[in-house]
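Asker:
Number of protein chains: 2
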Amino acid sequence: MGERLGPPLSDPVFEDLTIIGIGLIGSSLARAIRKQNVARRIVIADSAPEALARAEALGLGDAYAADLPAAVVDADCVILCAPVGANAAIGRAIAPALKRGAIVSDVGSVKSAVIAELAPILPAHAHLVPAHPVAGTEQSGPDAGFATLFVNRWSILTPPDGADAGAVAKVRALWEAIGANVEVMGAAHHDLVLAITSHVPHLIAYNIVGTAADLEDVTQSEVMKFSAGGFRDFTRIAASDPTMWRDVFLHNKEAVLEMLGRFSEDLTALQRMIRRGDGDGLFELFARTRAIRLGIVAQGQETAAPDFGRRGPDSGSPAG
Amino acid sequence: MGERLGPPLSDPVFEDLTIIGIGLIGSSLARAIRKQNVARRIVIADSAPEALARAEALGLGDAYAADLPAAVVDADCVILCAPVGANAAIGRAIAPALKRGAIVSDVGSVKSAVIAELAPILPAHAHLVPAHPVAGTEQSGPDAGFATLFVNRWSILTPPDGADAGAVAKVRALWEAIGANVEVMGAAHHDLVLAITSHVPHLIAYNIVGTAADLEDVTQSEVMKFSAGGFRDFTRIAASDPTMWRDVFLHNKEAVLEMLGRFSEDLTALQRMIRRGDGDGLFELFARTRAIRLGIVAQGQETAAPDFGRRGPDSGSPAG
């Protein structure tokens, strides 16, 4: 897919920017912001000393702080990159220390709960502009990040009603400078869309890997050996960070249960087709799902290479 | 994953080999057999004239036949590479024309049904040695194949009770010559193992793509745009050949329904955890599923690169 960053900004969007939580997303953001000159100074905070030390060893920021109020005191923009379950505690810790007019944003995969938790905690002079970059890999931690993670991916902003237009514009400018496409929508709609495009897919991937691991008539060794038949694809997202995903499901309960209900209903219908030997019904579904992938490839959100290009550029060509 | 073929055989395993059905698997087999000198002469048959013409244009065989009896009359080995639903008709067509002692094999994803259908049809002098290479991509047709498709993948042989040991050894030699690992097991166990490692994964992938396509409160355009959150992974196997997969579900009904039942049970338990806010239960599952992927990578059945290596070698490294 060849994602490349454009030229860096000549003038930074922010003087002082603080990233709280230096995992895959936080560290990718730090790298991209530095590379694209989005902020003059980057401060990094993390509650885990080893992550903070690693961020410093990697040179991801200009300053490193274990103390949250100290980390945000000069910030024009603070971006929360911790699992969403930690946001309320972080919000309470930084609220008294925030500069007048500071922007507070985040990268969480759920948005209604984040607004419900943070809005009452933050001071009235601060601007809450939640964001969700729809990007990632199955890896975690400061070493897993890379500057091009957000290139050609979508970042969804869900500013609450009455949000400051200037603050929203700055957060948009940040994401666009690091290569993302920006979409603005309501938090409730975001949570519904992501329930089907991200949360339920993760849930069923975790679930089938768990089912396979627990079988008594098929060994784990057999599951691994013969996983190239399709199963291995699911293990990638089922290797994602457990804390992050626990928090997603606890904070987007309603939309996930709604979408999961539809998935299960459809699966029951498929099950009945198999039991009854309804080949035409199966064929009809299997034939129309192809179009969705073609659309995703056409929109630049997926590689056109067979098998995700897993085997490198030589495979899948007739000459191979 | 860097799959490479070893040196070609100095002496071919078969003089005359016929491939019936020149799709992804058949055409990969033809290419690999040619490259590795597994047969002196390759005859290709297909009921679709355009596929046969394409195979000839690609130079995949030494001879091309639309007529099945004519295609197999000189064959020491015939490999059925059509969707499994076509096997009975193909078997009936070739049975009277088979040479004495000819080996008949296949590449189907189900094995009990294939044996049940073919064994009574084939002449007593022929040797039925069913095989299933656990390999593939989401693409179809003679152009989609490539010679290294089977390298480091498993090919499972399910010879019926009393199968000729010499015939089994020759089929094993064929697969090993084109880079596959060979495992021998009973057809019923094969069908159970593949139900969980391949058939149910395909079913739930087709299902979630169908669910997403049918939503009224989330548009198809939104599903595509925000698919990088996990959904797009599922669209790959949901883009697989509809005829092939219809036939798999119709011919492995019992094992698929059994494994699907377990999947649904586990999913209901997960749903209850979300409804009740059982964060510990969710975390416990999400943490233990990682180990399965590490095992698959360690066994050489999956790339260790983040995101399947989708973005090329530069991504996912700290320097990115």
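First to last, the protein sequences are chains A and B. Positions in the first sequence are counted from 1; adding 2 to them yields the numbering used here. Positions in the second sequence are counted from 1; adding 2 to them yields the numbering used here. Cβ atoms here follow ideal geometry from the backbone N, Cα and C, with glycine treated the same way.
(1) Out of Arg6/B, Ala175/B, Glu140/B and Gly28/B, state which residue places its alpha-carbon closest to the alpha-carbon of Ser12/B.
(2) With the cut-off set at 9 Å, would you say Val184/B and Trp156/B are in Cβ contact?
(3) May I have the straight-line CA-CA distance separating Asp18/A from Arg42/A, to the nearest angstrom?
(4) For Leu259/B and Gly181/B, what's the separation of their Cα atoms in angstroms?
(5) If you reduce the DSSP assignment to three classes, tell me which class Val80/A lands in.
(6) Hey, could you find the ends of the alpha helix (DSSP H) Leu62/B is sitting in?
(7) Does Asn154/B come out as helix, strand or coil in the three-state DSSP assignment?
(8) With the cut-off set at 9 Å, would you say Ala179/B and Val15/B are in Cβ contact?
(9) Report the partner residues of Arg43/A according to the DSSP bridge assignment.
(10) Label Arg33/B either buried or exposed according to how many other C-beta atoms from any shown protein chain fall within 10 Å of its C-beta, with 16 as the threshold for buried.
(11) Please go through the segment 183 to 240 of chain A and give each complete alpha helix (DSSP H) segment of 4 or more residues, from N-terminal end onward.
(12) I need the straight-line Cα distance from Ala40/B to Asp280/B, nearest angstrom please.
(13) According to DSSP, is Val173/B helix, strand or coil?
(14) Please report the residue range of the alpha helix (DSSP H) in which Ser242/A lies.
(15) Hey, quick one: how far does the alpha helix (DSSP H) through Asp268/B stretch, first residue to last?
(16) Start and end of the beta strand (DSSP E) containing Ser107/A?
(17) When DSSP labels each residue in this structure, what does Asp316/B get in the three-state scheme?
(18) Report the rounded CA-to-CA distance for Asp235/B versus Ser229/B, giving the unit in angstroms.
(19) Going by C-alpha to C-alpha distance, which of Lys37/B, Val220/B, Lys101/B and Arg94/B sits closest to Leu151/B?
(20) Let me check one thing: in DSSP terms, what residues is His129/B bridge-paired to?
(21) So is Leu262/A in contact with chain B if we call contact Cβ pairs under 9 Å?
(22) Answer yes if the segment 106 to 123 of chain B comes into contact with the segment 280 to 297 of chain A, meaning at least three C-beta pairs across the two stretches below 8 Å, and no otherwise.
(23) On the DSSP letters alone, give me the boundaries of the alpha helix (DSSP H) that Pro161/A sits inside.
(24) For Gly25/A, which of Asp193/A, Leu62/A and Thr221/A has the nearest alpha-carbon?
(25) Could you tell me the alpha carbon to alpha carbon distance between Pro320/B and Ile46/A, rounded to whole angstroms?
(26) Where do the ends of the alpha helix (DSSP H) carrying Lys37/B lie?
(27) Can you confirm whether Asp48/B, when its beta carbon is compared against all beta carbons of chain A, has any partner nearer than 9 Å?
Answerer: Walking through what the data contain:
(1) Checking every option, the nearest Cα to that of Ser12/B belongs to Ala175/B.
(2) Contact flag set, yes.
(3) Taking C-alpha positions only, Asp18/A is separated from Arg42/A by approximately 6 Å.
(4) Spanning the two alpha carbons is a distance of roughly 33 Å.
(5) Note: Val80/A maps to strand in three-state DSSP.
(6) No alpha helix (DSSP H) contains Leu62/B, which DSSP labels as neither H nor E.
(7) It is coil, neither helix nor strand.
(8) Cβ atoms of Ala179/B and Val15/B: closer than 9 Å.
(9) Its beta-bridge partners are Asp18/A.
(10) Counting every other CB atom within 10 Å of its CB across the protein chains shown gives Arg33/B a total of 16 or more, marking it as buried.
(11) Runs found: 189 to 196, 202 to 215, 222 to 227 and 233 to 239.
(12) The amino acid at residue 40/B is misidentified as Ala; the sequence shows Val. Approximately 57 Å between the Cα atoms of the pair.
(13) Val173/B falls in the helix class under three-state DSSP.
(14) Following the DSSP letters along the chain, one finds Ser242/A in no alpha helix (DSSP H), marked with neither H nor E.
(15) Unbroken alpha helix (DSSP H) run through Asp268/B: Lys255 to Arg278.
(16) Taken as a continuous stretch (DSSP letters only), the beta strand (DSSP E) holding Ser107/A covers Ile105 to Asp108.
(17) Bear in mind that the predicted position of Asp316/B carries a pLDDT of just 44, short of 50, making it too unreliable to give a figure here.
(18) The alpha-carbon atoms of Asp235/B and Ser229/B are separated by roughly 8 Å.
(19) Ranking Lys37/B, Val220/B, Lys101/B and Arg94/B by CA distance to the CA of Leu151/B puts Lys37/B first.
(20) Its beta-bridge partners are Ile105/B.
(21) Closer than 9 Å to some Cβ of chain B, the Cβ of Leu262/A qualifies, so yes.
(22) Because the criterion of three Cβ pairs below 8 Å is not met, the segment 280 to 297 of chain A and the segment 106 to 123 of chain B do not touch.
(23) Here Pro161/A belongs to no alpha helix (DSSP H), and DSSP marks it neither H nor E.
(24) Of the listed residues, the one whose Cα sits closest to Gly25/A is Leu62/A.
(25) Low confidence applies to Pro320/B: its pLDDT is 36, below 50, so where it sits in the model is not reliable, and the reading given next is rough at best. For the pair Pro320/B and Ile46/A, the Cα-to-Cα distance works out to about 17 Å.
(26) Run containing Lys37/B: Leu26 to Lys37, per the alpha helix (DSSP H) assignment.
(27) No, no contact with chain A.
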